[in-house]
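Visitor: Offset between the sequence shown (1-based) and our numbering: plus 1. C-beta: ideal position from N, C-alpha, C; glycine also. Next up is a structure, given as structure tokens.
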Amino acid sequence: TLLIHSAIVRLTHQVYYKFQQTFKDADSDAPFNIATETIILSLKKTHWSDKTLKNVTETLDVVRSIKKASIRFGITLHVTLVPLPFFWPDEAVTGKALPPYNWPSNFTVSQNGIEEYIRGYIDNLGVNWIDLQYSFTKAKTESIIKLYNEVDGHWNTNGHQVVYQSLVDYFDFYNK
Numbered sequence: 002t003l004l005i006h007s008a009i010v011r012l013t014h015q016v017y018y019k020f021q022q023t024f025k026d027a028d029s030d031a032p033f034n035i036a037t038e039t040i041i042l043s044l045k046k047t048h049w050s051d052k053t054l055k056n057v058t059e060t061l062d063v064v065r066s067i068k069k070a071s072i073r074f075g076i077t078l079h080v081t082l083v084p085l086p087f088f089w090p091d092e093a094v095t096g097k098a099l100p101p102y103n104w105p106s107n108f109t110v111s112q113n114g115i116e117e118y119i120r121g122y123i124d125n126l127g128v129n130w131i132d133l134q135y136s137f138t139k140a141k142t143e144s145i146i147k148l149y150n151e152v153d154g155h156w157n158t159n160g161h162q163v164v165y166q167s168l169v170d171y172f173d174f175y176n177k
């Protein structure tokens, strides 16, 4: 158990290091702009720059390493993408209007492009996908509740409840 735990810690450190290097090596001529990048990543990969596609792919290559390690330890890997609060006009209204975004408070943007690319990539690896976007959209359709904190875009209690129920439902179905 200690060896498995140690190996997982090493792998987590490697993932963090790779992720950090990917963004550190980003185009030094252009300032990092999360707002613009969020919009670009909402588009299909054919609209991404070569550098963006390379950075996303290199980041996802870490999933390949995690998949290999998970097989060695007899663990089934499942991946999800955290839904952006910016998909809904009534979420993170204050946060959208503040730097670094400076968007209108009712601005919306999806993550369809990056999600499509990630799903295709992990599908090719044989990794399972947990669709939280569907769960959040369903929750927003069924109720007017807020799922995110108003400024920072992190899940509030309601958002965490949606994630909890999504994971319970997913693993109940997966383990049948």
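Is the beta carbon of Tyr149 less than 8 angstroms from the beta carbon of Gly160?
Guide: In this structure, Gly160 lies closer than 8 angstroms to Tyr149 by Cβ.
Visitor: Is the beta carbon of Pro101 less than 8 angstroms from the beta carbon of Asn56?
Guide: For Pro101 and Asn56, no; Cβs fall outside 8 angstroms.
Visitor: In whole angstroms, what is the alpha-carbon distance linking Ser29 and Glu59?
Guide: The predicted position of Ser29 is uncertain, since its pLDDT is 46 and thus under 50; a value taken from the coordinates is nonetheless stated next. Rounded to whole angstroms, Ser29 to Glu59 spans 18 angstroms at the Cα level.
Visitor: Under 8 angstroms, with one C-beta from each stretch per pair, do the segment 40-56 and the segment 137-146 reach the 3-pair mark?
Guide: Contact between the segment 40-56 and the segment 137-146 is absent, because fewer than three Cβ pairs lie under 8 angstroms.
Visitor: Between the alpha carbons of Thr158 and Glu92, how many angstroms are there, rounded?
Guide: Going from the Cα of Thr158 to the Cα of Glu92 covers about 14 angstroms.
Visitor: Just to confirm the assignment, what range does the alpha helix (DSSP H) spanning Val63 have?
Guide: Start and end: 51-73.
Visitor: How far does the alpha helix (DSSP H) with Val80 in it extend, from its first residue to its last?
Guide: Taken as a continuous stretch (DSSP letters only), Val80 belongs to no alpha helix (DSSP H), being part of the beta strand (DSSP E) at 79-81.
Visitor: Ignore the nearest five residues each way along the sequence and tell me which others in Gln134's own chain have a CB closer than 6 angstroms to its CB.
Guide: Counting only Cβ-Cβ distances below 6 angstroms, and skipping sequence neighbours, we find Pro84.
Visitor: Going by CA-CA distance only, name the one from Ile145, Asp62, Thr109, Val64 that's closest to Ser43.
Guide: Ranking the options by Cα distance to Ser43, first place goes to Thr109.
Visitor: Within its chain, find whatever has a CB closer than 8 angstroms to the CB of Trp49; leave out the 5 residues flanking it on each side and keep chain order.
Guide: Excluding residues within five positions, the ones whose Cβ falls inside 8 angstroms are Ile41, Leu42, Val57, Gly114.
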